[in-house]
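S.K.: Using the numbering used here, the first residue of the sequence shown is number 829, and each one after it goes up by one. Every residue gets a Cβ at the ideal spot worked out from N, C-alpha and C, and that includes glycine. For clarity, every value in this text was computed on a predicted model and none was experimentally measured.
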Amino acid sequence: MSGNSASGLPELKLYNTLTRAKEGFAPLDPAAVRMYVCGPTVYDFAHIGNARPVIVFDILYRLLRHLYGADHVKYVRNITDVDDKINARAAQEFPGLDLNEAIGKVTFTTEAQFHDDLEALGVLHPDVEPRATEHIVEMRQLIEKLIASGHAYVAENHVLFSVPSMPDYGNLSHRPLDDMLAGARVDVAPYKQDAMDFVLWKPSKPGEPGWPSPAGIEAPGRPGWHIECSAMSWKHLGETFDIHGGGIDLVFPHHENEVAQSRCAFHTNIMAQVWMHNGFLQVEGEKMSKSLGNFVTIRQLLADWPGDVLRLNMLKTHYRQPIDWTVKGLEESARTLEQWFDAAADDAYPRPAPAVLEALADDLNTPRAIAEMHGLKDHAGKKALAGTLAFLGFTPGPLQAWRAAQAPELALSAPEIEARLAERIEARRNRDWATSDRIRDELLALGVALKDNKDGTTSWEPRR
């Protein structure tokens, strides 16, 4: 089953990093569509670049639920809570506590902050959000499988994956051997049999968290980064599944090594049949970095903008293209949302507009979907616009509150404005256009902007 044409729904086409082509999506089991997305490492507030895959794959999750039914889609997005940055922050902020207890405090607090940010961005909760530390048993089991099948080996209390044991290693990233070697040699070690071999398990240093090691290693240890996602996806989605997503920076080495681990452990031809990656994010035309002073967190942006504005700003660029995050873009996104919500009907259709759905089914073509939404602002499209906004995760409340907070203080009270508005309506009814225009201009000078609607009513808002 590669589409939903029999039910009148569009065929879903997705760009697959593995094949470098846009293909019709055919789930392994249409009754159980499965997607895994790499989530955050919880050591600090998430930056705006972290929000991009979360928002992109939230749109895909909503689309899959619409096409296949909410009960037939399972979305897993992990939490990485084993990391040197977490250890360092825990030791710095809670020096008097046991390290594991301190790590728990850091990861619990940071995960809660991340969830609050996503709530503001209108992101649905995944069906499962596994933590790496809760899947150590599965990691050890995978490692034992890889050793038993000759794809991994023990050296100096480490377990390493043997890259030469997998002839088609590199198929996902399509990187030349020299490029992969350059990446692998960041972690040079004398106990490696091959320069490209990577760590599955390593001994814990004094003061680091540790667990019983696999393969008969007596010293306690901790997992390598790549094995974590192989274990969590296996536990919750099975040996093979439909879609694996993440940022373009994860293709190599992280996703390439996930593929190697999972395929070799289970002797399968695939891990995920479709691999999707979102492009990089820049800030005001430059790479985001703390050294340039343009490193910005989701939380910082939410202090100045409603989450829906950040969400729309992210969706204006196709997910596979690089995005330039600018204040000008945020201002444009805010104006667009205002226009949409002003035009949308109070009673919405219970589904997105067909033209918008067609655009999203074409490899999440959100720029085209947005263009289609502009065409729904007339009277005939108001209910469809409202239904589409709801489908995409936009809600009017936060934007209305933000607009009210941004508005200047008025020289007139609301009852005084309404009284002048009634005078103007009476003048218009009597075709006294001079008086109508004079009242409009007087109110505008006092900071009140009027809007005459097509249905004959007049609304007002503070002038900005």
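Does the count of Cβ pairs from the segment 1240-1247 and the segment 1221-1231 closer than 8 Å reach three?
M.R.: No, the segment 1240-1247 does not touch the segment 1221-1231.
S.K.: Leaving out five residues on either side along the sequence, give the residues of the same chain with a beta carbon under 8 Å from the beta carbon of ARG1196.
M.R.: Excluding sequence neighbours, ARG1196 sits near ALA1187, ASP1190.
S.K.: Bridge partners of PHE989, per DSSP?
M.R.: Answer is ALA980, PHE1026.
S.K.: Looking at PHE1307: is its Cβ nearer than 8 Å to the Cβ of ILE1126?
M.R.: Residue 1307 lies beyond the residue range present for the chain, which begins at 829 and ends at 1292; the question has no answer from this structure.
S.K.: Under the DSSP definition of a beta bridge, which residues are partnered with HIS1072?
M.R.: HIS1072 is bridged to TYR864, TRP1103.
S.K.: Using the Cβ count rule (16 or more neighbours within 10 Å means buried), how would you classify PRO923?
M.R.: When all chains shown are included, PRO923 counts as exposed.
S.K.: When burial is assigned at 16 or more other CB atoms within 10 Å of the CB, is TYR1019 buried or exposed?
M.R.: Exposed, by the Cβ-count rule.
S.K.: What do you reckon, are the CB atoms on LEU1005 and GLU1084 nearer than 8 Å?
M.R.: No. Outside cutoff.
S.K.: DSSP on PRO1031, reduced to helix/strand/coil?
M.R.: PRO1031: strand per DSSP, three-state reduction.
S.K.: Have a look at ILE907, LEU1143, LEU1238, LYS1144 and flag the residue whose alpha-carbon is nearest the alpha-carbon of HIS943.
M.R.: For the residues ILE907, LEU1143, LEU1238, LYS1144, the minimum Cα distance to HIS943 belongs to ILE907.
S.K.: So the candidates are PRO1031, GLU1036, LEU1120; which of them puts its Cα closest to the Cα of GLY1044?
M.R.: Cα-wise, what sits closest to GLY1044 is PRO1031.
S.K.: Helix, strand or coil: which one does DSSP assign to GLN1128?
M.R.: The answer is helix: DSSP assigns GLN1128 an H, G or I state.
S.K.: Does the Cβ of ALA983 have 16 or more other Cβ atoms within 10 Å, making it buried, or fewer, making it exposed?
M.R.: Classification of ALA983: exposed, given that the 10 Å Cβ count is below 16.
S.K.: Between ALA1173 and the rest of its own chain, which residues show a CB-CB distance below 6 Å, the 5 nearest in sequence each way excluded?
M.R.: For ALA1173, where only same-chain residues beyond five positions count, the Cβ hits under 6 Å are LYS1210, LYS1211, ALA1214.
S.K.: Of all the options GLU966, ASP886, LEU892, ASP911, which has the alpha carbon lying nearest to the alpha carbon of MET1060?
M.R.: If we check each option's Cα against that of MET1060, GLU966 comes out closest.
S.K.: Thinking just about the alpha-carbon of each residue, which of ALA898, HIS953, ALA860, ASP945 is nearest to the one in ALA879?
M.R.: The candidate whose alpha carbon is nearest that of ALA879 is ASP945.
S.K.: Using only the alpha-carbon positions, how far apart do GLY1221 and TYR903 sit?
M.R.: Each residue's alpha carbon lies about 17 Å from the other.
S.K.: Let me know the secondary structure DSSP gives SER830 once reduced to three states.
M.R.: Confidence in SER830 is poor, its pLDDT being 47 and thus under 50, which makes the residue's placement too unreliable to answer from.
S.K.: Pop quiz: VAL1124 and HIS875 are said to be a contact at Cβ under 8 Å. What is the actual Cβ separation, rounded to whole angstroms?
M.R.: Indeed, because the Cβ distance is near 6 Å, the residues count as touching under 8 Å.
S.K.: Could you compute how far the alpha carbon of GLU1056 sits from the alpha carbon of ALA960?
M.R.: So the alpha carbons of these two residues sit roughly 6 Å apart.
S.K.: Can you grab the Cα-Cα spacing for the pair PRO1040 / VAL1087, in whole Å?
M.R.: Approximately 25 Å, taken between the alpha carbons.
S.K.: Starting from the C-beta of GLY877, find all residues in its chain whose C-beta is less than 7 Å away, skip the five residues before and the five after it, and write them out in chain order.
M.R.: LEU1109, MET1116.
S.K.: Let me know if HIS1064 comes out buried or exposed under the rule of 16 or more other beta-carbons within 10 Å of its beta-carbon.
M.R.: Counting Cβ neighbours within 10 Å, HIS1064 comes out buried, since at least 16 surround it.
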